[in-house]
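*Asks:* My questions all concern the structure below.
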Amino acid sequence: MKKVVFALLFLFLGNICFSQTEETELTKDDCETATARYSQLLCKYTIDQRGPILEILKLWEESCEENEPIQRVKILLDIANNSFIDSAYADYFKKYIFDYFERVNSAYQEDFEDLYENNKSYYSYVPLRSIFDDWTWNIAKKQKEQQTYGTSAYLLAVLFAEDIKTFDNELKSGTYQKSYIKQTLDDVVYNSTKSPVKFVLNSGIWIPAGDLRWKFSMSPIVGLGANIQINKSTVLK
3 MKKVVFALLF LFLGNICFSQ TEETELTKDD CETATARYSQ LLCKYTIDQR GPILEILKLW
63 EESCEENEPI QRVKILLDIA NNSFIDSAYA DYFKKYIFDY FERVNSAYQE DFEDLYENNK
123 SYYSYVPLRS IFDDWTWNIA KKQKEQQTYG TSAYLLAVLF AEDIKTFDNE LKSGTYQKSY
183 IKQTLDDVVY NSTKSPVKFV LNSGIWIPAG DLRWKFSMSP IVGLGANIQI NKSTVLK
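Residue numbering for the sequence shown follows the numbering used here, starting at 3 and increasing by one per position.
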């Protein structure tokens, strides 16, 4: 009798585990399918068509929750609408911006297709070098010409035009020293850990090094570097 009860219990628990796994897989598939649909649908619109774009973003977010590509479009929408407020996107500068740096770097790797296939969720199910990336790139290029130099809107247009080196140089310049973006990134880089570990510019992007690595998604790109300040006059690289 005990053996029969045990066998039934085993089958019952097995079915529960299988159902949970199946549900998880369906959720992942739903997000991937939704991303393919909505990211491509967005590309049919121009950035001034704010209404339908926001409707698509809402559906996308309901399927996948907030992520870097969705926030990227929201930022570009506000920039194009001259309504961008940098403090409204604190989450992007605290987390998602580093995902974007990594995305740009990965897209320029020879094995970018393998990188994506093996790390789909890391890239929010948007393929590297996708038409969606081309779409946001073209919008950013145009906005870069239209926005006023010295504003956060201009700086982000530079970023989303994939000019990471210029973005980094501008942050180091006097023009953006007191900007919200600069101060927020400094808080993340220098104050999120007690150890004096900084982000390093590696292959044109900022990479979290040392004790900062655990605070961010694990990068599929190998080759993290450390930049540790021992004192005010000594830096190890």
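Ideal placement from N, C-alpha and C gives every residue a C-beta, glycine not left out.
For K143, tell me which candidate among I81, L56, N69 and E68 has the shortest Cα-Cα distance.
*Replies:* Checked all of I81, L56, N69 and E68; the closest Cα to K143 is I81.
*Asks:* Measure the Cβ-Cβ separation of R105 and L79 and say whether it is below 8 Å.
*Replies:* No; because the gap between Cβ atoms is not below 8 Å, this pair is not in contact.
*Asks:* With three or more beta-carbon pairs closer than 8 Å as the criterion, would you say the stretch 39-52 touches the stretch 130-139?
*Replies:* These segments touch.
*Asks:* Run through the stretch 24-79 for me and flag every whole alpha helix (DSSP H) of 4 or more residues, listed as ranges in chain order.
*Replies:* Listed in chain order, they are 52-66.
*Asks:* For A159, does the count of other Cβ atoms within 10 angstroms reach 16, so buried, or fall short, so exposed?
*Replies:* It counts as buried.
*Asks:* Just the Cα atoms here: how many angstroms apart are E112 and K167?
*Replies:* Their backbone Cα atoms lie some 20 Å apart in a straight line.
*Asks:* To which residues of the same chain is Y182 closer than 7 Å at the C-beta, ignoring the five residues directly before and after it?
*Replies:* Excluding positions up to five away in sequence, the list reads D88, S89 and S154.
*Asks:* Since K76 contacts L59 with CB under 8 Å, what's their CB separation in whole angstroms?
*Replies:* Contact flag correct, Cβ pair sits at about 7 Å.
*Asks:* Here's the rule: buried if 16 or more other CB atoms are within 10 angstroms of the residue's CB, otherwise exposed. What is A92?
*Replies:* Under this definition A92 is an exposed residue.
*Asks:* Quick one: Cα of Q179 to Cα of Q145, how far?
*Replies:* Computed Cα separation, rounded: 22 Å.
*Asks:* What are the boundary residues of the alpha helix (DSSP H) that S175 is part of?
*Replies:* First-last for S175: undefined, no H or E at that position.
*Asks:* Please say whether G152 and T177 have beta carbons closer to each other than 8 Å?
*Replies:* Going by C-beta atoms, T177 is nearer than 8 Å to G152.
*Asks:* In three-state DSSP terms, what is V128?
*Replies:* In this structure, V128 counts as coil in the three-state DSSP scheme.
*Asks:* Assuming A36 contacts S65 (C-beta within less than 8 Å), just tell me the rounded distance between them.
*Replies:* Confirmed, about 4 Å.
*Asks:* Which class does F86 belong to by DSSP, given the choice of helix, strand or coil?
*Replies:* F86 falls in the coil class under three-state DSSP.
*Asks:* Per DSSP, what kind of secondary structure is Q179 in: helix, strand or coil?
*Replies:* Of the three classes helix, strand and coil, the one that applies to Q179 here is coil, per DSSP.
*Asks:* Y118 and R74 look like a contact to me (Cβ under 8 Å); what is the Cβ gap, rounded to whole Å?
*Replies:* About 17 Å; that fails the 8 Å criterion.
*Asks:* Whose C-alpha, out of N83, P71 and N69, is nearest the C-alpha of G322?
*Replies:* Because the chain in this structure spans residues 3 to 239, residue 322 falls outside the shown range and cannot be described.
*Asks:* In the DSSP assignment, find the alpha helix (DSSP H) that holds T153 and state where it starts and stops.
*Replies:* First-last for T153: undefined, no H or E at that position.
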